[in-house]
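Protein chains in written order, with the working numbering: chain Y, 1 to 341; chain D, 1001 to 1341. First comes the structure, then the notes that go with it.
Protein chains: 2
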Amino acid sequence: MASSIHDLARHLNISIGTVSRALNGRADVNADTRQRVLDAAKKLNYSPNQSGRSLRRGATHSIAFMLQPHPGDQEYGEPFFIPFLTGLQAKLAESGLDLIVVMGAPGDYQQERLRRVVETRRADAVVLAWTRREDERIDYLTQAGFPFATLGRSRSGGDSYPSLDLDFEKAGADAVDRLVARGHRRIAAIRPSLDLNFGYLFLAGYRKALRRHGIEFDPELIADGFINEAGGYAVTPKVMRSKDPPTAIIFNNDAMALGGCKALAEAGIRPGHDVAVIVIVDTPLCRYFSPALTGFRPALEPMGERLAEMLLASIPAYAGAEGARIIREVWPLELIARDSD
Amino acid sequence: MASSIHDLARHLNISIGTVSRALNGRADVNADTRQRVLDAAKKLNYSPNQSGRSLRRGATHSIAFMLQPHPGDQEYGEPFFIPFLTGLQAKLAESGLDLIVVMGAPGDYQQERLRRVVETRRADAVVLAWTRREDERIDYLTQAGFPFATLGRSRSGGDSYPSLDLDFEKAGADAVDRLVARGHRRIAAIRPSLDLNFGYLFLAGYRKALRRHGIEFDPELIADGFINEAGGYAVTPKVMRSKDPPTAIIFNNDAMALGGCKALAEAGIRPGHDVAVIVIVDTPLCRYFSPALTGFRPALEPMGERLAEMLLASIPAYAGAEGARIIREVWPLELIARDSD
DNA sequence: TGTTTTTCCGTAAACGTTTACGAGAACACA
DNA sequence: TGTGTTCTCGTAAACGTTTACGGAAAAACA
């Protein structure tokens, strides 16, 4: 079934060395024999065995993205990643690299799977998401000297790796500014319950903006929940029970906002009318919800492309002539004003 | 950095053959030396090189799931697959197999990437989703003799491969039955625009039930759109423009329903009040929408687990003592009655 | 013609495993 | 003591590549 380089050599009556050189486009092979090899390869449906190639080259030519059901989100996952992965894949493919997505089991936060990928040398580098404030995965990878890049920042690992993040701090502040400008003073914030870094950044921006406007920070207006509909649903009533209830709520993302709006509706509070709603990370869902939710839209596919470039630039073997370098970027979030605030 | 079996052998002053046998739990190695090897492996942080192992064994011990942004759905993807993949991963891990998710570029419907996986022998088997009525991927894989299983049925390839599907036909009929019982006679159906097999099954059940109730099929009440919010939004007005507009709409899935409800709301039609809504494939989103959408919930994680079992059972090398066999199953969809109908 | 350079290709080793084969040592049994 | 069996391990080949090395033939040059 599978034809090897030996089959080609036998078929053409030349040595396997020549076949390999012809296939790899090396200079020291006659143009005529190269063509014959190429033709034979097509005819015999040859394609190189990945294991053999990786073994010899010491590189797999593939990059791993660690995907896992988020804790507290066992049931359904984030559609967030698909466009990001599309961009990542496209850019990596340009360099002849494959993207593989490694599924982790829910719960272990990928440590086990990550070790497996690294130790069995299944990929040349990995891409991490859901970065935490202090991230043990980053510590592990830096300590192991394994190349990686992150979608999101972390305090772990210093500046030793490429990272691409969104400016959640500014988005949090912008959301507050916008709401204050519209007359709100009691503004709640619904965050992810885990120590995910963007939850911190979002809140930091929120607090900074409040201070700027001379509004006192009220812990009663902050609540943490799982990053999904159930989380928003469970947690929103808490902030509404405040002695002086909020007139506006900033949700971390669309799913939490959806759950939160459901809770509001059940309490007879109309989102967009009785209470303003803004979401930080918006997806197309926000646009089609009623009321359409004002939010900050990330450019996910370009981010995937960019992170691929940044990752490759950081790896000596893949970096071009100018040599390896670490790039870290923070991208703006674009406000899309709709009907909910 | 990476320690090999040779390092272990040198360290323990024994041969690499013995080390390998000890590591692989073969019988012909002294219990004492095995223990020493195991200890040394832990101490030197040894783990087998995947490429070397695959090359020698002729198997990668990993299964590939082909994931790709759905055509017309470039922007955001289906959260649908995450719980399925979780189940798949968990079950495969029990057999020591890795699950890798191969990202395809949008558009090429995976043919290119699939070939790549198969021809470079990157995985021992693949799992396909989004099965079409006639599916060239299935034709390719059967013709290539490559092991695979599908989430969803197809007319391609006969019964030669394991498949697990949901009973969309029955769900379509059940939806009609339920709506008719509630007094509806003008029932619209919003389908995916592509020739995805479940779109056909859903419509087949719909038509069968209509016939059973003596309701004439009206093509004006059928519309096809992309499987996302934009698709539902774009297409729902079409059926509402019918001379005799529907009093109920069955949507293929939650995202389409969301878009559709938006379109209805903009036209001053209240979903759940003025027009009944049912969705075929429901996710948690349905529960938190207002009105909460009645829908049919698939058991995605168990399906993932089951398909892993079925795939393994079909591959001689992985099937147990009873030998390889092809299993095909169709699972029921459970109706979750909520507020929208 | 003789020397040097260039072009092209074959040989063989190496990457890290697994495993068939065989052999030495220990043991059992007569 | 001789024969047979069982344990345990080393040797070496193999999986499919890539590539350093060297050499033969052809080309270029003096």
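Here a beta-carbon is modelled for each residue, glycine too, at the ideal position from N, C-alpha and C.
Cβ-based burial, residue i [other Cβ within 10 Å; buried from 16]
i, result
"E1305 of chain D", "buried"
"D139 of chain Y", "exposed"
"P1219 of chain D", "exposed"
"N253 of chain Y", "buried"
"R178 of chain Y", "buried"
"F1084 of chain D", "buried"
"Q1143 of chain D", "exposed"
"G87 of chain Y", "buried"
"D1159 of chain D", "exposed"
"Q35 of chain Y", "exposed"
"S357 of chain Y", "The structure shown has nothing for residue 357 of chain Y, since chain Y only spans 1 to 341."
"Q111 of chain Y", "exposed"
"F217 of chain Y", "exposed"
"G1199 of chain D", "buried"
"R241 of chain Y", "exposed"
CB contact flag (residue i, residue j, <9 Å)
i, j, result
"N49 of chain Y", "R133 of chain Y", "no"
"A1123 of chain D", "I1100 of chain D", "yes"
"L1164 of chain D", "R1325 of chain D", "no"
"S1340 of chain D", "P1302 of chain D", "no"
"A223 of chain Y", "K238 of chain Y", "yes"
"V330 of chain Y", "R121 of chain Y", "no"
"R186 of chain Y", "L221 of chain Y", "yes"
"H11 of chain Y", "L55 of chain Y", "no"
For residue j and residue i, the rounded distance between their alpha carbons
i, j, result
"A1255 of chain D", "D1282 of chain D", "9 Å"
"R182 of chain Y", "D1098 of chain D", "53 Å"
"H6 of chain Y", "A40 of chain Y", "12 Å"
"L1311 of chain D", "D1167 of chain D", "20 Å"
"G1320 of chain D", "Y1046 of chain D", "30 Å"
"A248 of chain Y", "G1232 of chain D", "30 Å"
"E1169 of chain D", "Q68 of chain Y", "32 Å"
"G1129 of chain D", "T1060 of chain D", "For the sequence presented, residue 1129 of chain D should be read as Ala rather than Gly. Going by the C-alpha atoms only, they are around 22 Å apart."
"P1284 of chain D", "K262 of chain Y", "12 Å"
"A1267 of chain D", "L1203 of chain D", "26 Å"
"V1102 of chain D", "A1064 of chain D", "6 Å"
"K1091 of chain D", "P1245 of chain D", "48 Å"
"G1145 of chain D", "V279 of chain Y", "49 Å"
"D1028 of chain D", "L1038 of chain D", "15 Å"
"D1031 of chain D", "E94 of chain Y", "The sequence as given places Ala at residue 1031 of chain D; Asp does not occur at that position. When rounded, the distance between both Cα atoms is 51 Å."
"H213 of chain Y", "A171 of chain Y", "16 Å"
"Y1076 of chain D", "L1201 of chain D", "With a pLDDT of 48 at Y1076 of chain D, under the threshold of 50, the modelled position of that residue is not reliable, and no figure is offered here."
"A105 of chain Y", "Q1089 of chain D", "7 Å"
"G25 of chain Y", "R57 of chain Y", "16 Å"
"G52 of chain Y", "L141 of chain Y", "26 Å"
"A1173 of chain D", "A173 of chain Y", "51 Å"
"R1116 of chain D", "A2 of chain Y", "13 Å"
"Y1288 of chain D", "G1260 of chain D", "16 Å"
"I1014 of chain D", "K1042 of chain D", "17 Å"
"A1265 of chain D", "F1251 of chain D", "16 Å"
Chain Y contact for residue i (CB, 9 Å cutoff)
i, result
"F1296 of chain D", "no"
"T1236 of chain D", "no"
"M1303 of chain D", "no"
"G1232 of chain D", "yes"
"K1262 of chain D", "yes"
"I1005 of chain D", "no"
Residue-chain proximity (residue i, chain D), Cβ-Cβ < 9 Å
i, result
"Q50 of chain Y", "yes"
"A2 of chain Y", "yes"
"D98 of chain Y", "yes"
"T18 of chain Y", "no"
"S242 of chain Y", "no"
"S290 of chain Y", "yes"
"L164 of chain Y", "no"
"L285 of chain Y", "yes"
"I336 of chain Y", "no"
Review point. Counting pairs of Cβ atoms below 8 Å between the region 1297–1317 of chain D and the region 1266–1275 of chain D, do you hit three or more?
Key: no
Check your understanding: Does the region 1289–1297 of chain D come close enough to the region 1324–1336 of chain D to have 3 or more Cβ pairs within less than 8 Å?
Key -> yes
Exercise for review: Check whether the region 202–212 of chain Y touches the region 146–155 of chain Y, counting contact only when three or more Cβ pairs, one atom from each stretch, lie closer than 8 Å.
Suggested key: no
Review point. Okay, do the region 222–230 of chain Y and the region 182–194 of chain Y touch, 3+ Cβ pairs below 8 Å being the bar?
Key: yes
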